[in-house]
């Protein structure tokens, strides 16, 4: 399953994706109530796998753990995805456990589920694309997966060509 | 010298590892009559005051935990509301994380250097160090072992006015662990660490295994 989480309020982006690829699941999160991660560690230590914040992110999390691909559509700020986009990533902590291992040369958390979800970003506005590419490759390590790439909305066709 | 320190952690001050680090750092920094003001981004009621302090201070440190390889969403949200400066302000960072190796923080560090520019400030370097996850889970001497080394970094910053210093670079520790050390730590992860995390979990009232799957085994 290909999951698309649109954190912008511009639904024309997802409409275009839908037109190019019918086989995607879209969540319009632009107007949803999604808090930042508060770093409470409950999802690792108190209620394993369950976030202490019960907001609209819960339904997104339940989809992520069965998705082959996660695409986050985000506005940008300070050369990066904006806080609404970043919060989607910060809140994934319930998908990993407290336990650690070495993956290659670096420490990583042991995944909670079997599914591996690759991640990609589609962004509006100005961003440091080279940095975002680097960051998304690192972010994918948190899913024990790979980066699908980082695309400005002007290259949405290229992004959609990766959605299979 | 006066420095504004902004705690960029989204975790409440009481449980904030970054807060404990700042406290030690400030001890060293203030030794020779220097002064600090400390604010917490986790408390939204302070945001107006932090913006006002950001506007008038010329030496600023943002201390933050690494969240998914970069800055936490809440700090980003706050910074989106800050007016860029362009008045020669020096902005430095204390970047800390749970993962222990320096290499884990480099992607975040790279962003902080760019961030100083986006905020119209000169970059005063980043003090980079991991292995801080258990500060909140420990007390007294065990906690001191992790936080007290930051006191010396406060002394260095007071002398230099930035983290562009060999002692600060060394403070990071190893970029990655050599194979033998990885094997050893890996063994600790599977045994002692696992046991300790389970113990901490039970102390928090948890009755599930740490690898529990609340949303089923459907994948």
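Chains as they are written, first to last, in the working numbering: chain A, 31 to 194; chain B, 26 to 244. For glycine and all other residues, C-beta sits at the position ideal for the given N, C-alpha and C.
Q) What are the boundary residues of the beta strand (DSSP E) that includes residue 137 of chain A? A) For the purposes of this step, residue 137 of chain A is taken as residue 107 along the first chain, with counting starting at 1. That run of the beta strand (DSSP E) goes 136 to 141.
Q) The beta strand (DSSP E) with residue 121 of chain B in it runs from where to where? A) Along the second chain, one-based indexing puts residue 121 of chain B at 96. Segment 115 to 121, the beta strand (DSSP E) holding residue 121 of chain B.
Q) Taking the alpha-carbon positions, what's the residue 145 of chain A to residue 95 of chain A distance? A) For the purposes of this step, residue 145 of chain A is taken as residue 115 along the first chain, with counting starting at 1. For the purposes of this step, residue 95 of chain A is taken as residue 65 along the first chain, with counting starting at 1. Distance between the alpha carbons of residue 145 of chain A and residue 95 of chain A is about 6 Å.
Q: Below 8 Å between beta carbons is the criterion; list the residues of the region 224 to 237 of chain B that meet it against any residue of chain A, in chain order.
A: 225, 226, 229, 230, 231, 233, 234, 235, 236, 237
Q) Of all the CB atoms in chain A, is at least one closer than 8 Å to the CB of residue 93 of chain B? A) Walking along the second chain from the start, residue 93 of chain B turns up at place 68. Taking Cβ atoms only, chain A reaches closer than 8 Å to residue 93 of chain B, which makes this a yes.
Q.
At the 8 Å Cβ level, is residue 182 of chain A part of the contact set with chain B, yes or no?
A. As a first step, residue 182 of chain A must be located in the first chain, where it is residue number 152. Not an interface residue.
Q: Please classify residue 106 of chain B: is it buried, with 16 or more other beta-carbons within 10 angstroms of its beta-carbon, or exposed?
A: Translated into positions along the second chain, residue 106 of chain B becomes position 81. When all chains shown are included, residue 106 of chain B counts as exposed.
Q) When the cut-off is 8 Å and only beta carbons count, does residue 36 of chain A lie next to chain B? A) Here residue 36 of chain A refers to the residue found at position 6 when the first chain is read from its first residue. Closer than 8 Å: no.
Q: Output yes or no for whether 8 Å exceeds the beta carbon distance between residue 235 of chain B and residue 129 of chain A.
A: Counted from its first residue, the second chain places residue 235 of chain B at position 210. Counted from its first residue, the first chain places residue 129 of chain A at position 99. Going by C-beta atoms, residue 235 of chain B is nearer than 8 Å to residue 129 of chain A.
Q. Given a threshold of 16 other Cβ atoms within 10 Å of its Cβ, counted over all protein chains shown, does residue 57 of chain B qualify as buried or as exposed?
A. Sequence index remark: in the second chain, residue 57 of chain B carries index 32 (1-based). The residue in question, residue 57 of chain B, is exposed, as its Cβ has fewer than 16 Cβ neighbours within 10 Å.
Q.
Between the alpha carbons of residue 152 of chain A and residue 94 of chain B, how many angstroms are there, rounded?
A. If you number the first chain from 1, residue 152 of chain A lands on position 122. If you number the second chain from 1, residue 94 of chain B lands on position 69. Distance between the alpha carbons of residue 152 of chain A and residue 94 of chain B is about 18 Å.
Q. So what does DSSP say about residue 186 of chain A, is it helix, strand or coil?
A. Stepping through the first chain from its first residue, residue 186 of chain A is reached at position 156. If DSSP states are grouped into helix, strand and coil, residue 186 of chain A belongs with the helices.
Q | Where residue 81 of chain A falls: helix, strand or coil (DSSP) | A | Translated into positions along the first chain, residue 81 of chain A becomes position 51. DSSP places residue 81 of chain A in coil when its eight states are reduced to three.
Q | Interface residues of the region 138 to 159 of chain B facing chain A [CB-CB below 8 Å] | A | 139, 140, 143, 144
Q: Can you grab the Cα-Cα spacing for the pair residue 86 of chain A / residue 203 of chain B, in whole Å?
A: Position 56 of the first chain holds residue 86 of chain A. Position 178 of the second chain holds residue 203 of chain B. So the alpha carbons of these two residues sit roughly 43 Å apart.
Q. Mind checking if residue 244 of chain B is an interface residue toward chain A, Cβ cutoff 8 Å exclusive?
A. Along the second chain, one-based indexing puts residue 244 of chain B at 219. At residue 244 of chain B, the pLDDT of 41 sits below 50, so the modelled position is not reliable; the number obtained from the coordinates is stated separately. Interface residue, yes.
**Q.** Residue environment, residue 42 of chain B, which counts as buried when at least 16 other CB atoms sit within 10 Å
**A.** One-based indexing of the second chain puts residue 42 of chain B at position 17. Residue 42 of chain B should be labelled buried.
Q. Taking Cβ-Cβ distances below 7 Å as the criterion, which residues of the region 102 to 122 of chain B are in contact with chain A?
A. 102, 104, 105
Q) Of all the residues that make up the region 209 to 223 of chain B, which are near chain A by a beta-carbon distance shorter than 9 Å? A) 210, 211, 214, 215, 218, 219, 222, 223
Q) Is there a Cβ from chain B that is less than 8 Å from the Cβ of residue 101 of chain A? A) Counting from 1 along the first chain, the entry for residue 101 of chain A is found at position 71. Under the Cβ criterion of 8 Å, residue 101 of chain A is not counted among the residues facing chain B.
Q) Does DSSP put residue 92 of chain B in a helix, in a strand, or in coil? A) By one-based count along the second chain, residue 92 of chain B stands at place 67. In the three-state scheme derived from DSSP, where H, G and I count as helix and E and B as strand, residue 92 of chain B is classed as strand.
Q) By how many angstroms is the C-alpha of residue 49 of chain A removed from the C-alpha of residue 70 of chain B? A) Looking up residue 70 of chain B in the second chain gives position 45. Looking up residue 49 of chain A in the first chain gives position 19. Each residue's alpha carbon lies about 44 Å from the other.
(Q) My output table needs one value for residue 72 of chain B: the three-state DSSP class, helix, strand or coil. (A) Numbered from its first residue, the second chain carries residue 72 of chain B at position 47. Per DSSP, reduced to three states, the secondary structure at residue 72 of chain B is helical.
Q: Please name the residue in B:172, B:232, B:150 whose C-alpha comes closest to that of residue 187 of chain B.
A: Against the second chain, residue 187 of chain B aligns to sequence position 162. Here the closest residue by C-alpha is B:150.
Q: Check whether the Cβ of residue 35 of chain B lies closer than 8 Å to any Cβ atom in chain A.
A: Within the second chain, numbered from 1, the residue matching residue 35 of chain B stands at position 10. Yes - at least one Cβ of chain A is within 8 Å of the one on residue 35 of chain B.
Q: Would you give the residue range spanned by the alpha helix (DSSP H) that residue 212 of chain B belongs to?
A: Along the second chain, one-based indexing puts residue 212 of chain B at 187. Looking at the DSSP string, the run of the alpha helix (DSSP H) that includes residue 212 of chain B is 204 to 213.
Q) Is the region 88 to 103 of chain B touching the region 54 to 71 of chain A in the sense that three or more CB pairs, one from each, lie closer than 8 Å? A) yes
Q) Would you say residue 199 of chain B faces chain A, with C-beta separation under 8 Å as the test? A) What you label residue 199 of chain B is simply residue 174 of the second chain in a count that begins at 1. Chain A, which has no Cβ nearer than 8 Å to the Cβ of residue 199 of chain B, makes this no.
Q: Give the DSSP bridge partners of residue 127 of chain A, in chain order.
A: What you label residue 127 of chain A is simply residue 97 of the first chain in a count that begins at 1. Beta-bridge pairing links residue 127 of chain A to no other residue.
Q) Could you check where the alpha helix (DSSP H) with residue 65 of chain B kicks off and where it finishes? A) Here residue 65 of chain B is taken as the residue at index 40 of the second chain, counted from 1. Residue range 60 to 65 is occupied by the beta strand (DSSP E) that includes residue 65 of chain B, with no alpha helix (DSSP H) assigned at that position.
Q.
Against residue 65 of chain B, what residues of chain A qualify as contacts under a CB-to-CB distance less than 7 Å, listed in chain order?
A. Locating residue 65 of chain B in the second chain gives position 40, where the first residue counts as 1. The contacting residues do not exist; residue 65 of chain B stays about 12 Å from chain A at best.
Q: Return the Cβ separation of residue 152 of chain B and residue 119 of chain B in integer angstroms, given the expectation that the two are a contact with Cβ distance under 8 Å.
A: Counted from its first residue, the second chain places residue 152 of chain B at position 127. Counted from its first residue, the second chain places residue 119 of chain B at position 94. Indeed they touch by this definition, with Cβ atoms about 5 Å apart.
Q.
With three or more C-beta pairs closer than 8 Å as the rule, is the region 27 to 42 of chain B touching the region 78 to 85 of chain B?
A. yes
Q: Return the chain-ordered list of same chain residues with a C-beta closer than 6 Å to the C-beta of residue 59 of chain B, the five sequence neighbours on each side being excluded.
A: Residue mapping note: residue 59 of chain B aligns to position 34 of the second chain, counting from 1. Answer for residue 59 of chain B: 26, 183, listed in chain order.
Q: Find out if the Cβ-Cβ distance for the pair residue 53 of chain B, residue 178 of chain B is shorter than 8 Å.
A: As a first step, residue 53 of chain B must be located in the second chain, where it is residue number 28. As a first step, residue 178 of chain B must be located in the second chain, where it is residue number 153. A contact, by the Cβ cut-off of 8 Å.
Q | the ligand COA heavy atom lying under 7 Å from the CB of residue 67 of chain B | A | The model depicted lacks the ligand COA and carries no ligand whatsoever.
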